[in-house]
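Since the structure comes first, as structure tokens, the remarks are kept for the end.
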Amino acid sequence: AQKVTQAQTEISVVEKEDVTLDCVYETRDTTYYLFWYKQPPSGELVFLIRRNSFDEQNEISGRYSWNFQKSTSSFNFTITASQVVDSAVYFCALSARGGGGNKLTFGTGTQLKVEL
Amino acid sequence: DAGVIQSPRHEVTEMGQEVTLRCKPISGHDYLFWYRQTMMRGLELLIYFNNNVPIDDSGMPEDRFSAKMPNASFSTLKIQPSEPRDSAVYFCASSRAGQVNQPQHFGDGTRLSIL
């Protein structure tokens with residue numbers, strides 16, 4: 004069985020603070036893919052990043068960075084110098100061959116509120 | 004490029020009525036997914052298609068739900084008869100095939116309210 008846990012239900016920060024969103028996953032597969040999606044207040048789901056299980060290099064894209072650690076089954080997401088526009092629900096998701104190929108298992112999401 | 008297009012954006016109807024949700028995937032994408040999002044259950048995969056063929060419908064809640072994909076550019080999710088507990092946001096997503104699991108691109112969703 005596959006599972007994604009986002010233990011942080013809601014996080015509130017003040018603009019310009021750094022914030023890290025946690026994601027812990029479970030799978031028996033050795034080949035799998037991890038994703039982050041953003042759901043702003045308007046409701047759409049926006050793809051942010053995909054990482055495969057063989058690539059543990061961290062990734063940085065502007066103010067966003069992702070830390071993938073297989074040893075702890077975690078794929079955490081950090082926003083540096085947060086802005087009000089970052090306010091959204093962020094979902095971590097897992098896709099593994101044993102779970103049906105392209106099927107995504109989502110976490111319950113973390114609501115991020117960035118205030119002035 | 005046009006993204007995944009869903010219609011209608013909002014639907015309000017009375018229980019017992021038939022509801023049809025529509026989705027146009029991104030051109031060239033081989034996979035199409037239907038999800039349901041509720042506060043209680045989060046994002047749930049209902050069914051997905053590959054090359055217009057249903058691959059896994061284990062997430063479809065009951066026989067009142069059905070989905071079809073008659074061609075590569077169109078899919079429907081139908082609820083008949085609808086019940087208040089079906090109220091949710093329904094998302095359609097599509098992705099390409101490939102050696103790696105390609106990211107799924109989502110439509111804006113249909114917000115369904117069953118009175």
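In the order they appear, the protein sequences are chains U and X. All the letters of the first sequence, read from the start, carry residue numbers 4 to 119 under our numbering. All the letters of the second sequence, read from the start, carry residue numbers 4 to 118 under our numbering. Glycine included, every Cβ here is placed at the ideal spot set by N, Cα and C.
Less than 8 angstroms separating the beta-carbons of residue i and residue j?
i         : j         : result
Pro92(X)  : Arg67(X)  : Just to set this straight, residue 92(X) is Val in the shown sequence, not Pro. Contact: no.
Gly112(X) : Gly46(U)  : yes
Leu118(X) : Glu17(X)  : yes
Gln40(X)  : Gly110(X) : no
Lys106(U) : Leu48(X)  : yes
Glu18(U)  : Val117(U) : yes
Val92(U)  : Gln11(U)  : no
Ser104(X) : Tyr28(U)  : Inspection of the sequence shows that residue 104(X) is occupied by Asn rather than by Ser. Against a cut-off of 8 angstroms, the Cβ pair of Tyr28(U) and Asn104(X) comes out as no contact.
Check each candidate in the options and name the one with the smallest Cα separation from residue i.
i         : options                                      : result
Val22(U)  : Val92(U), Thr81(U) and Thr12(U)              : Thr81(U)
Thr30(U)  : Ser15(U), Leu51(U), Ser76(U) and Gln11(U)    : Ser76(U)
Thr119(U) : Ile63(U), Ser15(U) and Ala96(U)              : It is Leu, not Thr, that sits at residue 119(U) in the sequence shown. Selected option, being the one with the closest Cα: Ser15(U).
Thr33(U)  : Leu115(U), Glu20(U), Trp69(U) and Asp58(U)   : Asp58(U)
Leu46(X)  : Val117(U), Leu115(U), Thr108(U) and Gln60(U) : Thr108(U)
Val7(X)   : Leu37(U), Phe71(U) and Phe50(U)              : Phe50(U)
Ala3(X)   : Glu14(X), Ile58(X) and Lys27(X)              : No information on residue 3(X) is available, as it lies outside the stretch 4 to 118 that chain X covers here.
Pro64(X)  : Arg88(X), Val56(X) and Thr79(X)              : Arg88(X)
Thr79(X)  : Arg99(X), Asn54(X) and Ser69(X)              : Ser69(X)
Trp69(U)  : Val88(U), Trp39(U) and Tyr28(U)              : Trp39(U)
Gln107(X) : Ile52(U), Asp89(U) and Gln9(U)               : Ile52(U)
Arg99(X)  : Gly31(X), Gly19(X) and Ala5(X)               : Gly31(X)
Could you tell me which residues DSSP pairs with residue i in its beta bridges?
i        : result
Val92(X) : Gln40(X) and Arg114(X)
Val92(U) : Gln42(U) and Gln114(U)
Thr8(U)  : Val27(U)
Leu48(X) : Tyr38(X)
Ala75(X) : According to DSSP, which records beta bridges pairwise, Ala75(X) is partnered with nothing at all.
Pro57(X) : Phe52(X)
Name the chain A residues whose beta carbon is nearer than 8 angstroms to that of residue i?
i        : result
Glu47(U) : No chain A is present in this structure, whose protein chains are U and X.
Exercise. According to a CB-to-CB cut-off of less than 9 angstroms, which residues of the segment 85-100 of chain U neighbour chain X?
Worked result: Per Cβ criterion, the list reads Phe94, Ala96, Ser98, Ala99 and Arg100.
Exercise. Mind listing which residues of the segment 58-87 of chain X have their C-beta closer than 8 angstroms to chain U's C-betas, in chain order?
Worked result: Within the segment 58-87 of chain X, the qualifying residues are Ile58 and Asp59.
For this session: Mind checking the segment 90-115 of chain X against chain U and listing, in chain order, the residues whose C-beta falls within less than 8 angstroms of any C-beta there?
Result: Result list: Val92, Phe94, Ala96, Ser98, Val103, Asn104, Gln105, Pro106, Gln107, His108, Phe109, Gly110, Asp111, Gly112 and Arg114.
Problem set entry | Validate contact between the segment 31-39 of chain X and the segment 89-99 of chain U using beta carbons, cut 8 angstroms, 3 pairs | Flag = no, the segment 31-39 of chain X and the segment 89-99 of chain U do not touch.
Problem set entry | Near-chain X residues of the segment 105-119 of chain U - C-beta to any C-beta below 9 angstroms | Listed by position along the chain: Asn105, Lys106, Leu107, Thr108, Phe109, Gly110, Thr111 and Gly112.
Exercise. At a Cβ cut of 7 angstroms, what residues of the segment 32-43 of chain U count as close to chain X, listed as they run along the chain?
Worked result: Under the 7 angstroms Cβ criterion, the segment 32-43 of chain U contributes Tyr36 and Phe38.
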